[in-house]
Amino acid sequence: MAIVPFANTSKVPFISVWAAGTPITHNGAAENYVFRVSAVDELVDQAMVGRAIAKYGAKKPGLMLINNSWGESNESGLKQALSAGGIGLAERVFQILPDLLRHGRQTLEACACKLGCPSCVGPVNEVGRRAKATAARLLAALTA
Ligand SMILES: [Zn+2]
Numbered sequence: 004m005a006i007v008p009f010a011n012t013s014k015v016p017f018i019s020v021w022a023a024g025t026p027i028t029h030n031g032a033a034e035n036y037v038f039r040v041s042a043v044d045e046l047v048d049q050a051m052v053g054r055a056i057a058k059y060g061a062k063k064p065g066l067m068l069i070n071n072s073w074g075e076s077n078e079s080g081l082k083q084a085l086s087a088g089g090i091g092l093a094e095r096v097f098q099i100l101p102d103l104l105r106h107g108r109q110t111l112e113a114c115a116c117k118l119g120c121p122s123c124v125g126p127v128n129e130v131g132r133r134a135k136a137t138a139a140r141l142l143a144a145l146t147a
């Protein structure tokens, strides 16, 4: 985000390889010199919500977002996509998050697979060979 005013005032085209925050390229400048080669959060959020509804039958998904401009952009895009999809947001997720994380950690630790499987983090060919170890580290940190 810090580069946006500089790029626009100096009239130097700036092309980001993965700046998904909507305000980065939709920054309100009369002459905008900031471009991206990835989809804006709003498009990605619509796709994620569409998949959650179509594949998993989601009725009230919860959101866990980082507390910065990226998270704010996705919160806005996801709420719009959820509303457009005719489903709401599960406000209670934050209250039960510690239990969810603890249950996730127990599920992961109880699974006999080595790298990941559909019972814990997902199939290795979809999530990668480091997904189970990464999930274990994240869950350990979040439940410490
Ligand atoms: Zn597993």
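Throughout the sequence shown, residue numbering follows the numbering used here, covering 4 to 147 in sequence. Using N, Cα and C, we set each Cβ at its ideal position, and we do this for glycine too. Every value quoted in this text rests on a predicted model; they were computed, and no experiment measured them.
Going by beta carbon distance, what residues of the same chain come within less than 7 Å of residue i, once the five residues before and after it are set aside?
i      : result
Lys63  : Ile90, Gly91, Leu92, Ala93
Leu68  : Gly74, Asn77, Glu78
Arg132 : Leu118
Checking 8 Å against the spacing of the C-beta atoms, do residue i and residue j come in under that value?
i      : j      : result
Asp44  : Thr28  : no
Lys135 : Leu111 : yes
Leu118 : Val127 : yes
Gly60  : Val96  : no
Phe38  : Pro16  : yes
Using the three-state DSSP reduction, which class does residue i fall into: helix, strand or coil?
i      : result
Arg39  : strand
Lys63  : coil
Ile90  : coil
Gly131 : coil
Lys82  : helix
Skipping 5 residues on each side, what residues in its chain have a beta carbon closer than 6 Å to that of residue i?
i     : result
Gly88 : Val52, Ile56
Arg3  : Since the first residue shown for the chain is 4 and the last is 147, residue 3 is missing from the structure and cannot be characterised.
Need the endpoints of the alpha helix (DSSP H) that residue i sits in, please.
i      : result
Ser122 : Segment: none, Ser122 is in no alpha helix (DSSP H) and carries neither H nor E.
Ile3   : Because the chain is modelled from 4 through 147, residue 3 falls outside the range shown and cannot be assessed.
Lys58  : 44-59
Ala148 : Residue 148 lies beyond the residue range present for the chain, which begins at 4 and ends at 147; the question has no answer from this structure.
Might you give, ordered along the chain, the residues of its own chain that have their beta carbon closer than 8 Å to the beta carbon of residue i, omitting 5 neighbours on each side?
i     : result
Lys14 : Glu34, Tyr36
Determine which residues share a DSSP beta bridge with residue i and list them.
i    : result
Phe9 : Paired residues: none, contrary to the question.
Hey, quick one: how far does the beta strand (DSSP E) through residue i stretch, first residue to last?
i     : result
Ile18 : 17-19
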